[in-house]
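If you read the sequences in order, they're chains A and B.
Per this note's numbering, the very first residue in the first sequence carries number 63; after that it's consecutive.
Per this note's numbering, the very first residue in the second sequence carries number 238; after that it's consecutive.
The C-beta atom is built at its ideal place from N, Cα and C for all residues, glycine as well.
Note that this is a predicted model, so its numbers are computed, not measured.
Following: one structure in structure tokens, then a few remarks.
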Amino acid sequence: GAVVSQHPSRVICKSGTSVKIECRSLDFQATTMFWYRQFPKQSLMLMATSNEGSKATYEQGVEKDKFLINHASLTLSTLTVTSAHPEDSSFYICSAYRPGLGPSFGPGTRLTVL
Amino acid sequence: DAKTTQPPSMDCAEGRAANLPCNHSTISGNEYVYWYRQIHSQGPQYIIHGLKNNETNEMASLIITEDRKSSTLILPHATLRDTAVYYCIVRPSTNRDDKIIFGKGTRLHILP
């Protein structure tokens, strides 16, 4: 079964609003989680590394004030897309390291900004 | 940048073995080879990983060359449900904080 979950699976919002996406490790603790973004027919692009109890580390070119990451517990990381615009429409995927097997990925969240 | 190169696409007849190659000529001694696949509109799914010995599980086999500069993922009896993008990745297995950088992967088409 799934070991990393995401909620919601899809969301549609109006331009200018903020959207929160949750990523949960279901039966293990994850001190580090990763957030990716994927545009149609492209590969996954790493956005940031989410660290439990400390600030996230963002990849070059990713706006930290626009993509707010909070990793408040060992099983939950959230990504908030602030003041979303149509160009933020994408497939957002999180991952967490699963002991003994390596990284596991969530099912993804499809964000559509109108 | 991704440390692996893969062909952009491949076709395979249903029921035949699908052999997906991957080059990782700059792999370090402590780095493992991981394979994931991504079916349309889903998150990547773990397939298999290995260090230097060949590995097999219920999904696939992984053949790593002796110099570890390349590997091949083998799906022994491909079905239509194996149509996906396959990603070959190298990373240290024991470092849970090490991020994964994805290359472009191989888009595998299983033909009926």
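Where do the N-terminal and C-terminal ends of the beta strand (DSSP E) with T263 of chain B fall, by residue? Segment: none, T263 of chain B is in no beta strand (DSSP E) and carries neither H nor E.
From W97 of chain A to V66 of chain A, what does the alpha carbon distance come to, in whole angstroms? 12 Å
Cβ pair S307 of chain B, P258 of chain B closer than 8 Å: yes
Report the CB separation of R99 of chain A from L138 of chain A in whole angstroms; it is logged as a contact under 8 Å. Contact doesn't hold; Cβ gap of about 19 Å is too wide.
Go through its chain and collect everything with a Cβ distance to S157 of chain A's Cβ below 6 Å, but skip five positions before and after it. F96, P165, F167
Mind reading off the beta-carbon distance from T94 of chain A to L136 of chain A? Whole number of angstroms is fine, and I expect it under 8 Å. At roughly 10 Å, the Cβ-Cβ gap does not stay under 8 Å, so T94 of chain A and L136 of chain A are not in contact.
Alpha carbon of P245 of chain B to alpha carbon of D89 of chain A, nearest angstrom: 35 Å
On the DSSP bridge assignment, give the partners of M296 of chain B in chain order. Partner(s): none; M296 of chain B has no beta bridge.
Measure the alpha-carbon distance for G340 of chain B versus T241 of chain B and round it to whole angstroms. 7 Å
State the DSSP-derived secondary structure class of D350 of chain B, mapped to helix, strand or coil. Only positions 238 to 349 of chain B appear in the structure, and residue 350 of chain B is not among them; the question remains open.
Backbone secondary structure at P329 of chain B - three-state DSSP: strand
When you compare each of A:Y154, A:K117, A:V124 to S278 of chain B by their alpha carbons, which one comes out closest? A:Y154
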